[in-house]
Structure formats: C-alpha cells, structure tokens
Amino acid sequence: MAKHSNFSTALLLFLTVLMLHAKMTPSFADEADDSASHRYQWLEREFWVTIDGKPSEGHWDFTGDEIQLTHTRGGSGSLLSPPLPPNFELEWKWKIKAGTNSGLKYRVQKADGRWLGLEYQIIDENLTTFGKSSTGAIYDLVSPHADKKALPPGDWNHSKVISSGNHVSHFLNGVLIAECVTDGVAWEEKLAKSKFWEIPNFASAKEKHRIMLTDHGGTASFKDFVFTTIDPMDRQVVPSSGPHLANGIKTSWVTQNSAVVWSRTTKNNAMNAGGANFLEIPEPRVLSKQNNEPDQGYAKQQMPPEHNLDQMLGACPGIQGEIRLSYFPDKQNKAIITTNWVTTDAEQDFTHQWKLTGLLPNRRYAVVIETRPCNTTTVSSVLRGHFRTAPKSTEATPTTFCLTTCHDFIRRDDGMNGHKIYPSMTKLNPDFTIHAGDIEYYDKPFPWALSKELMRFKWNRIFSLSNNRNFYSNRTAYFLKDDHDTLKNDCWPGQTYGSVTFEEGKRIFNEEQFPSIDQRYQTIQWGRDLQVWFLEGRDYRSPNNMPDGPDKTILGTEQKRWLFKTLEESESRFKLIISPTPIVGPDRKNKRDNHANNQFAHEGEEIRFRLSQHPGIIIFCGDRHWQYASKDQDTNLWEFGCGPGSEKHQLGWKEGELHPLHQFLRVAGGFLSGQLSYGSEGSSVPTLTLRHHKVTGEVVSEFNFREE
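Going left to right, the sequence shown walks through residues 0 to 707 as numbering that gives the first Met the number 0 numbers them.
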C-alpha cells in the first residue's frame with residue numbers, strides 16, 4: 000500500500016509539472032485541432048517577454064481573450080515571443096484606437112543590438128494611404144495593393160502572414176495585399192534603400208526567429224492567434240546576367256560636406272578565382288612589342304598559349320552597362336537622393352564616379368550602387384556600402400583612423416580573400432583610413448604591367464579580393480599613389496614603362512581607377528583638434544638623377560607654398576602630414592627618391608625645418624616595408640611608418656638594427672592606428688595615441704601625444 004501511494008504521489012507530481020510546462024511553453028503542432036491551444040498560449044502573459052527585459056504589467060493587459068497595449072513605452076515595451084519555426088502561417092485579429100502606431104514583426108532576430116524583423120504594419124491612417132509605412136505594408140520594403148480594405152479604428156481587422164522559405168505574403172481581411180521574395184536582385188534593391196540597409200541576411204528564414212508585438216505609441220488590441228507550421232516553398236530566383244559590381248565601391252576626398260564615390264561595371268560578380276597562372280618571365284626587358292598590337296603583345300607573352308586575360312587567375316573584366324548611385328544619411332532613408340543612370344565605357348575601363356556635395360558633417364551615409372544592361376529597365380546588380388563625413392572644425396570629436404601601404408596581389412597573405420589587415424582594421428571601426436601608396440606594383444611579375452591593359456588588370460584583380468573590396472566599400476578612405484602604382488620603381492615625369500608614359504600612368508590612377516579631385520594635394524580637418532594633410536609625391540617631382548640644390552623638388556613649388564601657408568593658418572592641436580615617402584627616415588642607403596635620401600637633401604632640410612616651426616606636427620609615410628617610429632635629432636619631428644600590409648611583404652631592413660633616430664622598429668607586416676580621445680568627461684585637452692599592429696590586429700607599440 001505504501002508503494003502504491005508513493006507511485007500515485009509521484010505520478011500526480013509529474014502530471015502537475017507537465018501541465019505547468021505546457022502552460023508556460025508554446026507548442027507548435029500542425030494539426031488544425033491544436034489551434035485553440037495555440038490561441039490560449041499566445042494570450043498568456045508568460046508566453047511573452049519585453050525586449051528590454053522589464054515587466055509588461057502596467058503597459059500590456061492580458062484579459063482572457065485578448066492582449067491590449069494600454070500604456071506605450073515608445074518601443075521599449077514591445078513584446079517578444081519564444082523562438083518559433085521559420086516557416087508558418089499566422090492569423091490574428093487586431094483593432095486600434097485613433098493615433099496608434101503598432102504592428103506585428105516576424106523573422107525577428109537581434110542585430111546591431113536591436114530586435115529587427117519584417118513587420119506587418121498596423122497604423123491609424125487615411126484609409127486611402129498605400130505607402131510602405133501604411134497598414135498591411137511589409138514595412139519600409141513593400142507597399143500594399145491599392146485594393147486593400149482596412150476597417151477604421153475601433154473595428155476588428157483580420158490579418159494573416161505566410162512566411163515560407165524565401166517568400167512572404169500579407170493578407171488583410173481575406174485579401175492578399177503585399178508579398179515579396181526575400182532573395183535576388185529585386186530584394187537587394189528594396190533592402191538597400193530601406194532602414195535595414197546594413198543588416199546582414201536580414202529577414203532570411205532561420206530557426207529560432209521570433210514574433211514581436213510592437214509598442215510604437217497608442218492603444219492596440221490583439222486576439223485569436225492561430226499559428227501553423229508549414230513546409231517551405233522557395234520561389235525561383237533567376238540569377239542576374241550582369242553587369243555586376245565585383246570591384247566594389249571606393250569613397251574618397253571626403254570633407255564635412257562633400258565626397259567622391261567610385262564604382263565599376265563588371266562582366267562577372269566575382270574574380271576568376273580558378274584561372275590560369277601567368278608565365279614566369281624574369282625580366283621585363285625580354286618582352287617586346289608585337290606587330291601593331293603593343294598592349295596585347297605584352298600580355299600574350301606572359302600567358303599560356305591560346306589564353307586571354309579573362310582566363311587568367313584573378314581576372315575581373317569590365318563590361319559596358321548603365322549605373323546609378325543613391326545615398327542617404329543613416330536612419331534617414333526617406334531623404335534618399337538618386338542620380339540619373341549613366342553609361343560606362345571601355346575608354347574609362349567601365350568606371351564611373353560621382354562628386355557629392357551638400358552633405359551633413361559627422362554623419363554616416365549609406366551608399367547604394369545599381370547597374371542594368373544598356374537600354375533596359377531591369378536592375379541587374381545592387382551593392383550596399385557606407386562612408387562617414389568629417390566632423391565640423393569647431394567640434395571636439397573623438398576620432399579613430401588607420402594607415403597602410405605596400406600591397407600587391409602576389410604577396411597577399413590571406414589567400415583568395417586578400418590581405419589579413421582588413422578584417423583586423425574593421426574591428427577598430429576607423430572613421431577613415433589612408434592607403435599611403437604602392438597599392439599595387441606594375442613593375443613586379445605575374446604579370447609585368449607594361450601596358451594600360453595590364454595595369455587595369457592588376458587594379459581590377461586586387462580590388463576584387465573580398466577582404467580588400469568589402470573594407471573599402473564600407474569606409475571613408477584616402478588613396479595616395481607612389482612610384483610602383485604610377486609607372487615603375489623610383490619613377491618621375493617624362494619616363495615610360497613598356498608602352499605606357501608617365502602621364503598615362505598618372506591619369507589611370509588620378510582620374511580613372513580611384514576617386515578623382517582636381518588638386519591632388521589636400522588638407523581636411525577632422526573636428527577641432529585633428530587636421531590631415533595629404534601630399535602628392537609623384538606628379539611634380541624632379542628627376543632623381545638631377546644634381547641636388549634649391550631647384551630640385553619632390554613636392555613642387557606650388558604644393559610647398561600651399562603646405563606652408565595652410566600650416567600657418569591651422570589652429571588644430573594635431574597636424575598630421577601624410578607623405579607617400581619618408582621625410583625623416585632613416586632610409587636604405589641605396590634609395591634615391593625621397594626626402595630622407597641625400598639626392599633630395601636640400602628640400603628635405605627645408606621641409607623638416609619649416610614643419611618644425613609648428614606645434615603638434617607628426618609625419619606619417621608609406622613606401623617602407625618595415626614598421627618604425629623615428630624622431631629627428633635636429634628638429635624633434637616625429638615620423639611613423641606603418642609597414643607593409645602583408646606578412647609576405649616585409650623587406651629592406653634587418654630586425655634589431657636600430658638607427659639613432661629609431662624609437663621603435665619592427666621588420667614585419669601590419670598597419671598603424673591613431674586614436675584621438677578626450678579622456679575624462681568634460682576634458683577639453685585631447686590625447687593622440689598611435690599604435691603599430693600586426694596584420695592580425697595585436698598591438699606591438701604605443702605612443703601617446705598630448706598638446707596642452
């Protein structure tokens with residue numbers, strides 16, 4: 000008898016726990032006769048949690064057969080369901096009072112610290128409104144049909160959402176009013192111009208997504224929930240035939256109110272990652288022009304027989320198409336500006352750029368590039384990116400920036416992804432980045448770029464590497480050029496390389512492959528305390544073999560006059576001079592093309608002296624294949640070299656061979672970061688912290704500067 004009593008007690012306890020569990024935890028069976036159970040559980044307070052984790056009491060009432068939002072908390076009181084299956088049909092009834100803004104979100108996930116998902120909009124409105132924020136809309140993405148029939152505030156409406164694979168649809172009072180496929184170019188176009196433009200994989204069907212009842216103001220009631228799981232039925236999406244945007248976006252010469260945005264129409268959506276390798280030809284002098292085809296001849300001699308450039312490893316050929324740009328301040332997609340369609344052409348290597356004006360300072364801007372075949376109306380490719388404008392010169396603004404140099408395809412260190420530094424720099428979220436030159440090497444093999452065709456091939460290849468392309472598509476960047484990406488090592492005006500003149504190489508960089516500006520040397524202020532000078536180190540220089548003296552120059556008379564004048568006018572605490580080549584050094588004894596060399600000693604001394612007359616100046620240079628910090632013994636000027644952007648590109652100095660100027664030396668790949676900060680709250684005196692990093696991001700040096 001005692002054994003039976005214990006068994007009965009245990010059984011009763013088990014059944015009690017089971018019933019409590021059933022009440023607290025929703026079940027989602029497919030059978031129709033479970034609908035009442037579904038409805039009952041959705042109306043239980045324990046089924047829901049608020050998005051901020053606070054109690055729902057006092058804001059939501061659960062009155063037995065309905066849920067009522069009675070006191071708004073302006074969004075923070077929205078309710079979240081437990082994780083649910085991603086493919087379902089959900090029906091419910093709702094009514095609102097005048098002035099209410101509510102909705103039901105589904106496929107809700109946490110992204111960027113927020114709970115986001117597709118929304119069935121519910122809002123008090125003019126009943127003839129059919130915009131993307133009207134009742135029944137797939138909020139901010141798809142407008143409802145004009146034949147929708149919404150009942151006025153105070154009346155119960157019946158709604159249904161079907162979420163099935165890559166297809167969703169909205170019904171209102173028995174009528175299909177909005178639908179879309181959450182995949183393909185058409186979806187990307189909608190998403191890119193919405194408030195969700197930067198959310199990865201937004202609204203894709205995944206396990207553990209949730210339902211949300213939104214609290215955006217007013218009073219709303221919900222009841223008669225019926226949730227049924229279904230099998231996904233993906234809609235077919237026809238792949239785009241192009242043009243594509245495999246080279247991404249570059250945004251440069253950004254000020255408080257302007258920017259230049261660049262892109263290129265491409266034949267394919269990615270580089271040819273399985274192409275043939277170029278032949279090993281040890282010296283460019285063995286190449287010669289072929290009959291009546293100087294450009295193609297240089298290429299043919301470096302490829303396997305019967306191959307063309309499109310078949311080579313990394314090829315990213317361009318194609319003619321139409322292209323346009325849309326842009327808007329973050330969180331203000333209704334202020335979107337869209338340009339007219341323009342046609343790209345082979346003369347400019349199928350590139351195009353837009354000069355934007357009238358921008359707001361210290362704002363992040365979304366950028367949307369679209370392409371389509373000529374003489375059609377169907378968009379074939381959509382690419383999203385962003386950049387940040389500079390803060391006002393009167394604002395004390397914390398700022399982070401990065402500096403890199405010395406890249407090429409053959410010495411990348413992350414396989415077909417590109418360079419390791421880019422994911423590492425992305426983690427720092429820099430406000431702007433500087434590539435200080437030698438972005439590619441024309442005068443290195445595989446192939447030797449002795450023609451415009453091969454120069455363009457190298458640009459298109461390195462910027463179709465995913466790490467490199469994705470980083471610059473989502474960053475304000477300033478691009479300087481040096482010798483290897485103008486023509487050849489230590490070059491100057493008047494020289495040639497293969498069939499390319501210096502002027503042609505200069506034009507390809509300055510006007511075609513990068514955002515262009517009329518005057519290449521610029522100064523841009525990033526807030527009250529940080530001003531940056533970008534020097535042009537190739538276009539105005541004298542020949543390296545010219546005797547040194549007052550007439551021998553790297554910067555040219557006009558650029559030097561501008562530099563000294565703008566420094567005199569500057570009131571910034573920190574004045575950063577960005578040079579493609581060293582000004583302080585030290586440099587290798589065999590080099591002859593920069594201000595740390597004897598060949599330009601006269602101008603080097605002049606510039607170091609003039610710079611030293613201004614407080615807060617720090618020099619940054621590219622070109623060198625080792626990381627260093629130096630301090631000039633005569634002028635006390637600091638210079639920082641960021642080192643090469645790859646683990647496979649360090650050379651030219653021996654580790655441990657410290658020169659008297661060296662305050663830090665590391666012969667390895669990496670990058671440099673700078674952080675302007677203001678310390679304790681209310682502090683008006685900034686500190687500039689400079690750090691050398693490994694390619695994987697680890698800090699290997701730190702220098703702090705503070706100008707009182």
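Heads up, the beta-carbon is just placed ideally off N, CA and C, and yes, glycines get one too.
Predicted model, so just to flag it, every value in this text is computed and none were measured.
Considering only residues of the same chain and omitting the five flanking positions on each side of P614, which have a CB-CB separation below 7 Å? E706
Starting from K558, follow the alpha helix (DSSP H) in both directions and report where the run begins and ends. One point to set straight first is that residue 558 is Gln, not Lys, in the sequence displayed. Taken as a continuous stretch (DSSP letters only), the alpha helix (DSSP H) holding Q558 covers 556-568.
Identify the continuous beta strand (DSSP E) that holds S423 and give its terminal residues. Premise fails: S423 lies in the alpha helix (DSSP H), 420-427, not in any beta strand (DSSP E).
With the cut-off set at 9 Å, would you say R411 and R387 are in Cβ contact? no
Would you kindly work out how many angstroms separate the C-alpha atoms of P281 and L687, rounded to a whole number? 46 Å
With A104 as the anchor, note down where its alpha helix (DSSP H) starts and where it stops. Before going further, note that residue 104 is Lys rather than Ala in the sequence given. Unbroken run through K104 is the beta strand (DSSP E), 100-110; no alpha helix (DSSP H).
Buried or exposed for S26, going by 16 or more other Cβ atoms inside 10 Å? Reliability fails at S26, whose pLDDT of 39 lies under 50, so the model's placement of it is uncertain and the value that follows must be treated cautiously. With fewer than 16 other Cβ atoms within 10 Å, it is exposed.
Where the alpha helix (DSSP H) through R609 begins and ends: 600-610
What residues in its chain sit with their C-beta under 6 Å from that of S756, if we drop five residues either side in the sequence? Residue 756 is absent from the model: the chain starts at 0 and stops at 707.
Give the straight-line distance between the Cα atoms of G76 and S679, rounded to the nearest whole angstrom. 33 Å
Is the segment 311-321 in contact with the segment 447-460, if contact means three or more CB pairs nearer than 8 Å? yes
Cβ-based neighbour list, G555, same chain, cut-off 6 Å, excluding 5 preceding and 5 following: Y539
Quick check: the segment 323-336 against the segment 231-243, are there 3 or more CB pairs under 8 Å? no
Quick one: Cα of H144 to Cα of S683, how far? 55 Å
Output the distance between the C-alpha atoms of R474 and P372, rounded to the nearest integer angstrom. 28 Å
State the DSSP-derived secondary structure class of I617, mapped to helix, strand or coil. strand
Cβ-based neighbour list, L83, same chain, cut-off 7 Å, excluding 5 preceding and 5 following: F27, H208, R209, I210
Let me know the secondary structure DSSP gives S133 once reduced to three states. coil
By the 10 Å Cβ neighbour count, where 16 or more other Cβ atoms means buried, how is F608 classified, buried or exposed? exposed
Start-end ranges of the beta strand (DSSP E) lying completely within the segment 168-228, minimum 3 residues: 174-180, 209-212, 219-228
DSSP state of D60 mapped onto helix, strand, coil: strand
Take every Cβ of the segment 249-265, pair it with every Cβ of the segment 297-308, and state whether three or more of those distances are shorter than 8 Å. no
Start and end of the alpha helix (DSSP H) containing R460? 451-461
Looking only at DSSP bridge pairs, what is A365 linked to? F327, H385
Where do the ends of the beta strand (DSSP E) carrying K249 lie? 249-251
Just the C-alpha distance for K451 and E567, rounded to the nearest angstrom, thanks. 41 Å
Just grab the DSSP bridge partners of F87 for me. S162, T228
Helix, strand or coil, according to DSSP, for F513 in the structure here? coil
By how many angstroms is the C-alpha of I420 removed from the C-alpha of G696? 7 Å
Which value, in whole angstroms, describes the spacing of the CA atoms of L660 and Y627? 10 Å
What's the C-alpha gap between D517 and E654? 41 Å
Own chain, CB closer than 7 Å to H351, minus 5 neighbours either side, in chain order: S262, I322, V341, T343
What are the partner residues of T372, as DSSP defines its beta bridges? A small fix is needed here, since residue 372 is Pro in this sequence, not Thr. P372 pairs with nothing; no bridge assigned.
Cβ-based burial, A1 [other Cβ within 10 Å; buried from 16]: Residue confidence is low: A1 scores 40 on pLDDT, short of 50, so the model does not pin down where it sits. Its coordinate-derived value is still stated next. Exposed.
Label E602 either buried or exposed according to how many other C-beta atoms from any shown protein chain fall within 10 Å of its C-beta, with 16 as the threshold for buried. buried
Between which two residues does the beta strand (DSSP E) harbouring S629 extend? 626-630
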